[in-house]
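Below you'll find the structure, written out as structure tokens, and then a few comments.
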Amino acid sequence: MQLRVLGPIEITHEDRRLDIPGLRARTVLAILAANRGRAVQVEDLIDTVWDGRPPSTARSQIQICVSQLRRLLAEFGRKDALETRFGGYLLRLAPTELDAGRFELLVAESRHLSGAGQVAEAVARLRAADALWYGATLAGVPGDPVEAWRRGLDERRGAAVEERIRLELTLGRHDELVGELEALIARHPLRERLHAHLMLALYRADRQADALKAYRRARALFVEELGMEPSAELGRLERAILSRAPQLDLPALPAASPVAPSVAATGPTSPGAHGPDVPHQLPGDLADFTGRQKLVGEIRDLLTAEADPGHRGFAPLAVITGPGGAGKTSLAVHVAHSLVDRFPDGQLYANLGGPSPSPERPAEVLDRFLRALGVAGPAIPDNLTERIGLYRSRLAGRRVLILLDNAADETQVAPLLPNTAGCAVIVTSRARLGTLAGSHEVDVDALTPEQSVALLHQIVGDRIAAEPLQADELARLCGWLPLALRIAGARLASRPHWRVSRLVDRLRDQSQLLDELVHRDLCIRTTIGLSYHSLPERSRRLLRRLALLDCEDFPLWVTAPLLDEPPSVLEDLLEQLVDVRLLEAHGHPQSGSTRYRLHDLVRVFARERLLAEEPAQERESLVRHVLGAWLAVAEEAHRREYGGDFTIVHGTATRWPVPRTVADGLLGRPMDWLELERRNLVSAVRQADALGLDELCWDLAFTLVTLFEARSYFDEWAETADLALSATRRSGNRRGEGITLHSLGAMHMFLRDPGQAERMFTAALRILRPLGERHGVALVERNLAYLNRLRGDDRAALRGYEAALAGLGSVGDLVGRAHVLVSIAGIRLEQGDPAAAQALLGEALTICRDAGARRVEAQVLHRLGELYLRSGELRRAEESFQGTLDIVRAASDRTGEAYALHGLGVVYGRDGRLAKARAMLTRARQIAGQVVERVVEAQALYELSQLPDRDRAEAADQLRRAADIFGELQARVWHARALRALADVSG
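Quick note: the sequence shown uses my numbering, first residue 8, plus one each step.
Pasting the structure below:
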């Protein structure tokens with residue numbers, strides 16, 4: 008078996024090759040391979056795989072990855088290679104089982120052979136070592152520890168190649184090495200030993216002139232790229248070639264390999280040492296600069312840390328990134344002014360033009376900087392490379408602060424950086440400049456609400472303090488963005504007769520918001536527009552269409568209905584928007600998935616462009632696609648939770664076809680997905696109502712009852728159902744109206760308002776029966792039967808349940824039937840017929856398990872627990888209630904948890920385990936109160952009062968409270984029972 012990492016990571020055996028499935032598994036395997044023979048702690052694996060932002064399930068996901076890897080290793084008989092050790096994992100491989108290990112062995116053998124004078128054999132080993140590479144090392148595997156190993160392997164490969172060429176030169180193979188060396192230098196232009204080897208090979212091939220040209224090319228490259236001359240050793244080699252020094256000839260030893268260049272540290276000099284040319288180019292500081300004190304301190308510390316060994320030899324570089332209008336320039340200028348005394352040789356400033364159509368070219372900026380540093384115009388070279396060299400020479404030994412504002416990208420910045428210590432650089436950019444070596448990135452976003460109001464107060468004065476609520480609203484409408492706040496503040500300051508509320512009222516009109524945020528040359532629309540117009544058309548189109556998503560944040564998959572592109576392309580387009588700071592990206596702490604968010608002002612801008620650039624018919628079609636996608640996934644979530652389209656009625660709204668692979672990735676835990684997207688789904692109902700999409704509105708609202716019922720989201724239930732009722736009534740959609748009335752009735756039933764619930768159910772039946780809507784009628788009859796049972800009218804309840812059972816059977820709603828069977832079993836149990844009840848529950852349990860309907864299965868198990876309680880089978884009752892508890896807790900069903908804990912509390916009380924009984928019943932009462940499950944709350948109070956070790960006064964209070972609740976709920980049997988118990992305990 009071979010684990011191969013010198014390319015994309017894979018496992019091979021003879022002619023078989025196994026790819027490692029999943030990026031996480033590949034990352035875990037790579038880290039273990041890098042530490043082979045040493046245990047890696049699970050925490051270290053988690054930190055690398057999720058880059059310090061792990062989900063709550065991280066540990067279990069690592070365990071899944073390890074299990075996958077063990078299965079793969081087992082295919083080659085090496086399952087034992089991956090061991091669990093000391094809170095982590097250890098990969099045990101022989102050096103020959105890892106291609107990186109074989110590489111090290113071959114290199115070691117070559118050293119031994121070379122030392123023994125067997126040069127040709129040493130060369131053969133090194134060629135074999137290099138041949139082990141089959142692609143980019145560990146291609147596609149992220150993480151800092153992996154990157155460190157990758158860099159180390161690549162560096163050792165480069166060193167081995169250089170050593171092999173040195174040995175081949177001693178064998179007189181210079182002619183055949185020239186082409187290889189030129190190709191290697193093209194790939195690795197800054198490896199100085201390769202240049203030395205090429206020079207020597209050319210010289211020995213009787214090409215002295217070409218050898219000298221190779222030196223000049225190397226020197227020009229080092230000056231341009233690094234701002235420094237090649238090492239002294241390379242210079243000595245050039246002079247030896249010029250003089251045809253005999254030591255360069257065979258069979259003499261080859262020239263010593265050049266050493267890495269060293270950088271001499273130069274201390275600061277006084278301004279006078281460079282004459283009177285001390286530039287002071289910084290823009291003026293803001294007198295009302297507010298907030299950002301932590302960032303100011305962070306940047307100051309970085310730029311003044313030249314005494315730190317980590318900064319010796321180069322200038323500290325702070326890169327301030329953030330969206331347009333976030334205050335990057337204000338922060339940079341403020342920090343620069345605070346450091347003027349630390350940089351007595353001057354301050355240089357350039358606005359590089361950022362995302363504008365004509366950003367500044369480095370050559371133009373260097374021309375201005377050189378003039379500011381005292382270089383006369385005629386002395387400034389035309390060649391960019393020479394300008395860079397002269398610029399860096401003028402900065403050498405000086406203490407100059409350089410502020411490069413509004414940079415477009417790294418290529419614009421790199422030529423403007425000094426190459427010695429003493430100077431410091433601040434760069435601002437909307438883009439992240441991750442490839443600038445040695446840079447420290449500082450991310451700037453919106454201010455806090457408190458800082459925003461403070462900034463307004465600095466600009467406007469006491470009028471802000473006089474209207475605190477309006478000031479808070481003004482800051483919110485500005486998106487807490489410094490530029491927008493400055494514009495709003497400037498408008499108020501220039502209109503002393505305006506109250507704050509006057510401007511707030513004007514900004515509330517979204518269609519006029521960006522028109523209002525203009526003051527002289529300050530304009531939010533222009534600021535955002537610069538980034539927008541710098542993008543290719545596909546990215547601009549996606550940004551415009553994102554304004555159709557009425558979401559606080561959103562996942563990748565939901566953009567598919569907006570743009571007909573593959574997921575990988577959509578992700579690239581979204582990341583382009585993130586790069587120019589028109590979109591924010593963050594990892595969700597629970598799901599671990601990436602979420603995206605539009606800043607409020609960017610959303611307004613995007614909506615403006617959407618209205619201006621896309622026809623109304625196209626916009627309406629796109630909205631239908633997006634809402635149809637939300638409905639499709641929500642419908643599938645219910646289907647997977649209940650095992651099919653059971654206990655639900657759907658409409659005819661068009662679904663957007665979400666691919667099966669996408670749905671599978673989202674709905675591993677359907678209720679968790681509904682929870683994750685709850686706000687977006689509610690927003691989708693609002694949006695459907697606002698656009699008059701009544702069929703989609705009621706269908707989605709009713710589908711969401713799956714979540715609202717299980718997790719007691721009664722406010723969202725009420726809002727979405729009211730919206731659906733209004734939408735269906737406006738459009739005359741009678742079927743949608745009837746189903747929505749049923750939904751509202753169910754909500755009131757759960758809220759224990761039987762009178763209002765019955766009114767809703769009765770109204771629903773008046774609509775649905777004439778329409779022949781059998782499924783909807785059966786669901787309503789089931790719930791009316793429950794209300795009759797709550798009142799103690801078991802005969803009416805049984806009639807209703809039997810009718811519901813027939814109706815649900817006629818439409819194939821198996822799980823709905825199981826639910827009704829559970830209810831009938833409860834009545835049979837109350838009537839003293841446990842055998843009939845058990846038969847009904849057995850049938851219901853089979854249906855639920857066959858369908859995979861775990862939530863209804865929990866209800867069946869709960870009813871079985873009640874049956875076993877009545878027959879005195881306490882152990883079986885405990886198992887049933889515990890099974891219920893396991894299911895409902897896994898689904899985060901708080902209402903179900905209250906019922907299960909109540910059942911366990913009763914079992915423990917009957918079994919004499921009084922402390923556990925009291926704990927369970929108390930917790931059941933608390934949860935029931937939180938989720939407004941008043942029946943369980945009252946029953947828990949009743950059972951607490953019946954414990955043998957009760958305090959009589961406390962028991963009386965509990966019974967009074969229970970009786971009040973039962974009375975409000977019209978639960979006559981339980982109300983009478985509580986009153987009798989209260990009389991007993993009070994007497």
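Glycine included, each C-beta is placed from N, C-alpha and C at the ideal position.
Are the CB atoms of residue i and residue j nearer to each other than 7 Å?
i: Ala947; j: Ala931; result: yes
i: Gly814; j: Ala785; result: yes
i: Leu377; j: Glu367; result: no
i: Thr297; j: Leu462; result: yes
i: Leu812; j: Val827; result: yes
i: Ala865; j: Ile831; result: no
i: Leu440; j: Val326; result: yes
i: Tyr906; j: Val943; result: yes
i: Leu302; j: Val372; result: no
Looking only at C-alpha atoms, which of the options sits nearest to residue i?
i: Leu966; options: Leu986, Gly974, Asp958, Leu976; result: Leu986
i: Glu104; options: Gly159, Asp151, Gln70, Leu13; result: Leu13
i: Ala639; options: Thr601, Thr710, Met235; result: Thr710
i: Val35; options: Val73, Arg718, Glu17; result: Val73
i: His645; options: Ala386, Val980, Arg861, Ala294; result: Arg861
i: Glu682; options: Gln583, Pro61, Phe715; result: Phe715
i: Leu928; options: Arg43, Val914, Val939; result: Val914
i: Pro425; options: Leu703, Thr64, Leu355; result: Leu355
i: Ile972; options: Pro761, Pro237, Gly739; result: Pro761
i: Arg686; options: Asp479, Glu723, Ala472; result: Glu723
i: Gly95; options: Asn795, Ala46, Gly635, Thr902; result: Ala46
i: Ser365; options: Gln419, Val382, Ala379, Arg401; result: Gln419
i: Phe653; options: Ser238, Leu821, Thr566, Ala619; result: Leu821
Within the same chain, show all residues whose beta-carbon is closer than 6 Å to that of residue i, passing over the 5 residues directly before and after it, in chain order.
i: Leu443; result: Glu417
i: Ala963; result: Val992, Ser993
i: Arg984; result: none
i: Gln694; result: Asp557
i: Arg604; result: Asp560, Glu591
i: Arg211; result: His181
i: His401; result: Per the sequence presented here, residue 401 reads as Arg, with His not at that position. Same-chain partners within the cutoff: Leu380.
i: Val467; result: Gly496, Leu499, Ala500
i: Gly859; result: Gly650
If I measure Cβ to Cβ from residue i and keep anything under 7 Å in the same chain, skipping five residues before and after, which residues do I get?
i: Ser121; result: Ala129, Leu174
i: Ala333; result: Val451, Asp452, Ala453, Leu488, Pro489
i: Gln763; result: His755
i: Trp505; result: Leu499
i: Pro152; result: Ile38, Ala41, Thr55
i: Ala970; result: His982, Ala985, Leu986, Leu989
i: Gln517; result: Val611
i: Met8; result: Ile18, His20, Phe83, Arg85, Glu104
i: Ser363; result: Leu537
i: Leu758; result: Phe721, Val939
Return the first residue and the last residue of the alpha helix (DSSP H) that residue i is part of.
i: Gly814; result: 801 to 817
i: Tyr793; result: 781 to 798
i: Asp412; result: From DSSP, Asp412 is part of no alpha helix (DSSP H) but of the beta strand (DSSP E) over 408 to 414.
i: Ser690; result: 685 to 697
i: His632; result: 623 to 649
Residue i and residue j look like a contact to me (Cβ under 8 Å); what is the Cβ gap, rounded to whole Å?
i: Asp586; j: Ala438; result: 6 Å
i: Ile655; j: Trp705; result: So it is not a contact: roughly 12 Å between Cβ atoms.
i: Glu2; j: Leu514; result: Residue 2 lies beyond the range of the chain shown here (8 to 994); nothing can be said about it.
i: Leu207; j: Leu255; result: 7 Å
i: Leu241; j: His287; result: Rounded, the Cβ-Cβ distance is 40 Å, inconsistent with contact.
Which residues bound the beta strand (DSSP E) around residue i?
i: His20; result: 17 to 20
i: Asp26; result: 23 to 26
i: Leu97; result: 95 to 98
i: Leu355; result: 354 to 358
Among residues of its own chain, excluding the 5 on either side of residue i, which ones have a beta-carbon nearer than 8 Å to its beta-carbon?
i: Trp140; result: Leu13, Gly14, Arg164
i: Arg134; result: Arg171
i: Gly783; result: Val656, Arg742, Gly745, Ile746, His749, Ala771, Leu775
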